[in-house]
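Q: Each residue of the sequence shown is one higher than the one before, starting from 1 at the first, in the UniProt record's numbering.
Every residue gets a Cβ at the ideal spot worked out from N, C-alpha and C, and that includes glycine.
Sharing a structure, written as structure tokens. Questions coming.
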Amino acid sequence: MLHAQLLVVDDELAIGKMLRTVLSKEGFEHVDVATSAEDALNACQNKTYDLILLDVMLPGKSGVEICPLLRVYTNAPILFLTAKNTDLDKLSGFAVGADDYITKPFHPLEVVARIKAHLRRYLQSTKREPIAVNPTTVYDFGHFQLDEQAGEVRVANKVVDFPAQVYQLLLFLCQNPNRIFSKQQLYEHVWGHNSFSDDNTVMVHIHRIRERIEPIPSNPIYLVTIRGLGYKLLQRGAKPV
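Structure (structure tokens):
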């Protein structure tokens, strides 16, 4: 995945350079930057890209106008960068070939997370990256354990019932302990990247998880809130077995 070819298209050169720097620090070695629709088209004519970040507001042709033209040369994921965030704007983007929307201003790590998610799906679908097969895994957090193969959660040595989506959210957090995720990121990973974000849905599911795994749900010590950033599942020294 880290050898993937990425193209950032943004007329604000500072944003393009910032994204290239962030992606480089995350291990992505091949990131090109274009500052106009014409440059982007020329780049795609001369090189095969695995993912494109495309600003909607470009001089000359807009991102919405250029997206179908880029589709002539590539089937790679195209992620729109935009200050517009209405459902109509998103539907218009999807209609011309975009795969996702990232709203400005954005957190650079959110962009990285979305890029990795889209690349993983794209490279696997084109059989350029093998799908990982995980061994049987039990995530042990001391007070509770999640058995991935059995699809069950034990809290204080008792099996506790979990609705499907609540379980999927907890599983994702168990697979990524001690990492902060925004509501948007959690929504995309569990409900699908093409779904429109619903903060309330995530909050309700977080509440349901806490009701089941926390000794005192109103004062969580495992699934904690990181103010202004999101949520984190703390793994206190325990490891997956």
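With DSSP collapsed to three states, give me the class of SER62.
A: coil
Q: Compute the beta-carbon to beta-carbon distance between LEU169 and LEU146, rounded to the nearest angstrom, for a pair I have assumed lies under 8 Å.
A: Actually they do not touch by this definition, with Cβ atoms about 11 Å apart.
Q: So the beta strand (DSSP E) ILE209 belongs to, where does it begin and stop?
A: That residue, ILE209, is in no beta strand (DSSP E); its alpha helix (DSSP H) goes 199 to 213.
Q: Measuring straight from C-alpha to C-alpha, what distance separates GLY97 and HIS189?
A: 21 Å
Q: Are the Cβ atoms of ILE66 and LEU7 separated by less than 8 Å?
A: no
Q: If you measure between the beta carbons of GLY16 and SER36, is that distance less than 8 Å?
A: no
Q: Taking the Cβ atom as the reference point for each residue, do PHE144 and VAL153 lie within a distance shorter than 8 Å?
A: yes
Q: Out of curiosity, what's the CA-to-CA distance linking THR48 and ARG210?
A: Taking the straight line joining both Cα atoms gives about 46 Å.
Q: Runs of 3 residues minimum, wholly inside the segment 113 to 162: which ones carry the beta strand (DSSP E) assignment?
A: 138 to 140, 144 to 147, 152 to 155, 158 to 160
Q: Tell me whether LEU58 is buried or exposed, calling it buried when 16 or more other Cβ atoms sit within 10 Å of its Cβ.
A: When all chains shown are included, LEU58 counts as buried.
Q: So, under 8 Å CB-CB, TYR122 and PRO77 are touching, yes? Tell me the CB distance rounded to an integer number of Å.
A: 5 Å
Q: Let me know the secondary structure DSSP gives HIS30 once reduced to three states.
A: Look at HIS30 here: in three-state DSSP terms it is strand.
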